[in-house]
Amino acid sequence: MTMIYLDHAATTPIAKEVMATMTAWAENKDAFGNPSSVHHFGRRARRDLDDARRSIAQTIQAEEKEIIFTSGGTEANNLAVIGTALANKDKGNHIITSKQEHHAVLRAAEYLEKKGFEVTYLPVNNEGIVRIEDVKAALTNRTILVSLMAVNNETGIVQPVQEIGSMLKNHQAFFHTDAVQAFGLLKLNVLQLGVDLLTVSAHKINGPKGMGFLYAASHVPISPIQFGGEQERKKRAGTENTMGVLGLRKAVEIVMDEREYRYQKYSSYKKEFVRVLTEKKVRFQINGTINNTVPSIINISFPNTDVQALLTNFDIEGVAASSGSACTAGAIEPSHVLTAMYGANDERAINSIRFSFGLMNSKENISAAANIVASVVNRLTNQKG
Ligand SMILES: Cc1ncc(COP(=O)(O)O)c(C=O)c1O
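Here the working numbering runs 440 ahead of the position in the sequence shown, where the first position is 1.
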């Protein structure tokens, strides 16, 4: 049985051009040096890093010195939230975020609460969107950071980042956005968006795992959250992962070249997926307004089912998908994102599945997967009568 992978929002396979770039680096006897070394080998590695930094910065209209390479989205989010809070605590101790953020932001915010910071966790409306008025109302003269994601990783819902960015223009608070699920699909210009900090992860765009970057505008004071050498302008200690950086650079170049093409392609996949479910008379409900989601992600609730039965049966029949709800000790823990949208007792938080599209898909395997999903759901719901 050939498995159909519909979990690209969790991670993606490495693109072959990315692999080739990384292999070429590893095989080059001149390229392995430590970028901090002053000799020939070090200078060569430094050049590779600097070139990659420049190339990546240009894609979001940032400056080279504003890109901090990290071990991925989690570290970039941690550095943005904790690093900015610690460096700016003389201006206030209040942070605003939302209930639907990735745990890499939520847990960082909780950590700061233990250190004496005050955190406001904004609600979202039942369309999965943070309201600008709520951000405005939560702001105080002690607010130093607002961290709100660009696209939610479970639902694919696009957030009003630019509107929030312009509203925050005259406030001291720095604005961070986790753009892990937006980068490569939405046009991201940090100046236009009005963001001071922005997170990207390589493995969501067919780059290597354990690699990412934080854009931090040069006017944002940031304290390091790990200690050692003076790499990354003293903001991120540790010998740079040159091979990962080159892989990330290649992945970024490819995704930028193909951005619009992929946007169209994944939109057609989403349409086809919904068409088949409708044709097969499956009972389902899309979480969020489909027109306000990235084309790569669709989150669907199947009434009268639960995620455990769904995901297990999909997997047995050849479809790999996922869910924001977790199965812990035999009980299903509801998705924190869908709970934020619909409330604690809504069924959708335990019967919704995220399907996410990418390079492993084609029109044909999307149709095939949708047919499998339809037959599994119809079987499970008919069993229940
Ligand atoms: C929105 C979002 N933020 C952050 C992360 C974490 O990124 P990484 O896996 O590179 O640490 C993810 C990945 O699941 C994500 O989807």
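No residue lacks a Cβ here, since even glycine has one placed at the ideal position from N, Cα and C.
Contact set for residue i: own chain, Cβ-Cβ below 7 Å, skip 5 residues either direction
{"i": "Glu573", "result": "none"}
{"i": "Ile522", "result": "Ala548, Tyr551, Leu552, Ile665"}
{"i": "Lys609", "result": "Gly634"}
{"i": "Ala497", "result": "Glu503, Glu504, Glu506, Ile507"}
{"i": "Ala808", "result": "Ile444"}
{"i": "Arg571", "result": "Asn565"}
{"i": "Gly829", "result": "Nothing can be reported for residue 829, as the shown portion of the chain is limited to 441 through 825."}
{"i": "Ala749", "result": "Leu820"}
{"i": "Lys531", "result": "Ile584, Gln612"}
Pair within 8 Å by beta-carbon distance, residue i and residue j
{"i": "Ile738", "j": "Lys705", "result": "no"}
{"i": "Glu515", "j": "Gly624", "result": "no"}
{"i": "Ala613", "j": "Ile584", "result": "yes"}
{"i": "Arg723", "j": "Thr821", "result": "yes"}
{"i": "Val635", "j": "Gly605", "result": "yes"}
{"i": "Thr567", "j": "Asn732", "result": "Here the sequence assigns Glu to residue 567, which means Thr is not the residue at that position. Contact: yes."}
{"i": "Gln621", "j": "Gln602", "result": "no"}
{"i": "Glu773", "j": "Pro743", "result": "no"}
{"i": "Asp488", "j": "Ala471", "result": "yes"}
{"i": "Ser511", "j": "Gly650", "result": "yes"}
{"i": "Gly728", "j": "Ala691", "result": "no"}
{"i": "Ala520", "j": "Thr639", "result": "yes"}
{"i": "His611", "j": "Leu579", "result": "yes"}
{"i": "Val716", "j": "Asn805", "result": "no"}
{"i": "Val777", "j": "Glu594", "result": "yes"}
{"i": "Ala780", "j": "Pro563", "result": "yes"}
Residue of the options minimising C-alpha distance to residue i
{"i": "Glu712", "options": "Asn592, Thr463, Ala656, Phe797", "result": "Phe797"}
{"i": "Lys539", "options": "Tyr561, Glu719, Lys555, Lys529", "result": "Tyr561"}
{"i": "Thr679", "options": "Ala460, Met696, Lys803, Pro475", "result": "Pro475"}
{"i": "Gly764", "options": "Asp755, Ser741, Glu757, Pro661", "result": "Ser741"}
{"i": "Ala656", "options": "Asn818, Asn517, Pro743", "result": "Asn517"}
{"i": "Ala814", "options": "Thr718, Val747, Met781", "result": "Thr718"}
{"i": "Ile569", "options": "Pro735, Ala760, Ile730", "result": "Ile730"}
{"i": "Ile597", "options": "Val759, Ala619, Ala527, Asp447", "result": "Ala619"}
{"i": "Gln725", "options": "Leu750, Leu638, Ser792", "result": "Ser792"}
{"i": "Lys529", "options": "Lys554, Leu637, Arg582, Thr461", "result": "Arg582"}
{"i": "Lys469", "options": "Gly482, Val478, Leu526", "result": "Gly482"}
{"i": "Asp447", "options": "Ala789, Gly758, Ser587", "result": "Gly758"}
{"i": "Val671", "options": "His534, Glu558, Ala749, Ser477", "result": "Here residue 671 turns out to be Gln, not Val, going by the sequence shown. Nearest C-alpha to Gln671: Ser477."}
{"i": "Asp746", "options": "Ala464, Ala789, Met781", "result": "Ala789"}
{"i": "Val714", "options": "Thr537, Ser775, Asp697, Lys803", "result": "Lys803"}
{"i": "His659", "options": "Thr524, Ala749, Leu751", "result": "Thr524"}
{"i": "Gly590", "options": "Ala577, Leu626, Leu654", "result": "In the sequence as presented, Gly is not what sits at residue 590; that position holds Ala. Out of Ala577, Leu626, Leu654, Leu626 has the C-alpha closest to the C-alpha of Ala590."}
{"i": "Lys555", "options": "Leu526, Thr537, Leu546, Pro453", "result": "Leu526"}
{"i": "Tyr703", "options": "Ser641, Ala766, Ser736, Thr452", "result": "Ser736"}
{"i": "Thr537", "options": "Leu588, Phe557, Phe795", "result": "Leu588"}
Contact with chain D by residue i, beta-carbon distance below 8 Å
{"i": "Asn753", "result": "Here there is only one protein chain, and chain D is not present."}
Cut-off 6 Å between Cβ atoms - residues of its own chain near residue i, not counting five sequence neighbours on either side
{"i": "Gly669", "result": "Ala677"}
{"i": "Lys675", "result": "Ile508, Ile662, Pro664"}
{"i": "Met800", "result": "Tyr445"}
{"i": "Ala450", "result": "Ser762"}
{"i": "Asn785", "result": "none"}
{"i": "Trp465", "result": "Ala471, Met683, Leu686"}
{"i": "Phe795", "result": "Leu446, Ile738, Ala761"}
Residue environment, residue i, which counts as buried when at least 16 other CB atoms sit within 10 Å
{"i": "Gly684", "result": "buried"}
{"i": "Gly783", "result": "exposed"}
{"i": "Pro661", "result": "exposed"}
{"i": "His616", "result": "buried"}
{"i": "Ser708", "result": "exposed"}
{"i": "Phe667", "result": "exposed"}
{"i": "Ile756", "result": "exposed"}
{"i": "Lys644", "result": "buried"}
{"i": "Thr442", "result": "exposed"}
{"i": "Ala761", "result": "buried"}
{"i": "Gly513", "result": "buried"}
{"i": "His534", "result": "buried"}
{"i": "Gln599", "result": "buried"}
{"i": "Asn592", "result": "buried"}
{"i": "Arg819", "result": "exposed"}
{"i": "Ala642", "result": "buried"}
Proximal residues to residue i (C-beta, below 8 Å), its chain only, five neighbours per side dropped
{"i": "Ala492", "result": "Val685, Leu686, Leu688, Arg689"}
{"i": "Asn629", "result": "Ile500, Gln501"}
{"i": "Val458", "result": "Asn646, Gly647, Pro648, Gly687, Lys690, Ala691, Ile694"}
{"i": "Phe754", "result": "Ala760, Ala761, Ile793, Ile812, Val813, Val816"}
{"i": "Leu751", "result": "Ala761, Ser762, Ser763, Ile793"}
{"i": "Arg673", "result": "Lys505, Ile508"}
If you scan the segment 623–694 from start to end, which runs of the alpha helix (DSSP H) of 4 or more residues do you find wholly inside it? 630–633, 671–674
Tell me the start and end of each unbroken beta strand (DSSP E) in the segment 691–774 that is at least 3 residues and wholly inside, in chain order. 737–741, 766–768, 771–773
So within the segment 550–597, which uninterrupted beta strand (DSSP E) runs reach at least 3 residues, ignoring any that extend past its ends? Within the segment 550–597, the complete beta strand (DSSP E) runs of at least 3 residues are 558–562, 583–587.
Please specify which runs of the alpha helix (DSSP H), each continuous and at least 4 residues long, are wholly inside the segment 442–499, giving them in chain order. Segments of the alpha helix (DSSP H) lying fully in the segment 442–499: 456–467, 480–499.
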